[in-house]
Amino acid sequence: MEIQKKDHPFKNAQWMLDGKRSYWEGTGGFWEGKTRDSHTLQRLSESKYKRVLQYDLNGKFVREWESRKEVATEVFGDYKVVKGGGNTKLYHLLSNKNPKKRLKYGSYWFSREEFNKIPMRICIPIMHYKYKNSLPPPNKTHHSQYTIEYYIKGKLKKTFDNAKHAGHVLGISFDFVRQICNGRRSRKKFDLRYGPKKLQLINMDYGKK
Numbered sequence: 012m013e014i015q016k017k018d019h020p021f022k023n024a025q026w027m028l029d030g031k032r033s034y035w036e037g038t039g040g041f042w043e044g045k046t047r048d049s050h051t052l053q054r055l056s057e058s059k060y061k062r063v064l065q066y067d068l069n070g071k072f073v074r075e076w077e078s079r080k081e082v083a084t085e086v087f088g089d090y091k092v093v094k095g096g097g098n099t100k101l102y103h104l105l106s107n108k109n110p111k112k113r114l115k116y117g118s119y120w121f122s123r124e125e126f127n128k129i130p131m132r133i134c135i136p137i138m139h140y141k142y143k144n145s146l147p148p149p150n151k152t153h154h155s156q157y158t159i160e161y162y163i164k165g166k167l168k169k170t171f172d173n174a175k176h177a178g179h180v181l182g183i184s185f186d187f188v189r190q191i192c193n194g195r196r197s198r199k200k201f202d203l204r205y206g207p208k209k210l211q212l213i214n215m216d217y218g219k220k
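If you read the sequence shown in the numbering used here, its first letter stands for residue 12, the second for the next number, and so on.
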């Protein structure tokens with residue numbers, strides 16, 4: 012008699028029938044004692060034995076490891092099987108696109124498949140620079156900031172875009188501008204006050220002060 016999908020012990024039983032990875036042994040019911048199909052076994056084998064490259068702090072090639080499991084067992088020491096699948100911090104490390112975040116236990120780690128040919132030396136600063144330039148621009152280009160009002164003898168003389176702008180024009184630090192506006196500094200020389208908020212371009216460069 013053909014077993015119907017409704018009789019399967021898993022909600023994801025169709026994944027089993029399609030040969031995809033899921034929980035298998037020790038679950039009881041229809042799938043208890045069954046073996047994985049050849050396609051699934053091949054994919055699991057490919058994942059388990061992906062080679063790993065190790066580089067020292069200077070970017071010099073150290074060695075090529077046979078598998079991720081080997082590195083996780085011998086270096087990371089945290090390999091364990093969770094719900095039928097291998098688990099280690101190495102997996103998360105290798106999935107991080109930022110090369111500077113690949114540093115662990117005094118070495119940089121990369122998947123072999125990331126390179127066409129194994130480089131004998133890599134430059135982490137250059138790789139990091141390329142990584143940063145590959146990131147999409149932020150969606151947010153403007154934000155709301157308080158304007159700064161400059162008074163002389165009680166009369167408004169000028170309005171600046173923000174504290175940084177005021178500091179640049181008046182020759183003082185933007186932090187000093189904020190301290191005056193917040194009442195933590197005297198207004199004797201500079202009578203500065205917060206004005207209404209205004210939508211402004213993020214990281215507008217007014218020069219260093």
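All C-beta atoms, glycine included, are put in the ideal place defined by N, C-alpha and C.
Test item: CB-CB of residue i and residue j under 8 Å
i	j	result
Tyr205	His179	no
Tyr221	Lys208	A question about residue 221 goes unanswered here, because the residues of the chain that appear run from 12 up to 220.
Outcome for residue i when other beta-carbon atoms lying within 10 angstroms are tallied against a minimum of 16
i	result
Val86	buried
Thr152	exposed
Phe126	exposed
Inter-residue CB distance, residue i and residue j (contact presumed, cutoff 8 Å)
i	j	result
Ala83	Leu101	5 Å
Leu203	Ser155	That pair is no contact at about 19 Å.
Phe185	Lys175	4 Å
Gly70	Ile129	With 8 Å as the limit, Gly70 and Ile129 do not qualify as a contact, their Cβ atoms being about 13 Å apart.
Arg62	Arg123	4 Å
Ile159	Cys192	7 Å
Three-state class that DSSP yields for residue i in the structure shown
i	result
Glu160	strand
Tyr34	At Tyr34, the pLDDT of 46 sits below 50, so the modelled position is not reliable; the number obtained from the coordinates is stated separately. Three-state result, Tyr34: coil.
Asn109	coil
Gly178	helix
Arg74	strand
Ser145	helix
Of the residues the options, the one placed nearest residue i, counting alpha carbons only
i	options	result
Lys112	Asn214, Met138, Pro147 and Gly88	Met138
Leu68	Asn98, Pro207 and Lys115	Lys115
Ile163	Gly117, Phe201, Ser118 and Gly88	Phe201
Met131	Pro148, Ser106, His103 and Arg74	Arg74
Leu146	Asn109, Cys192 and Met215	Asn109
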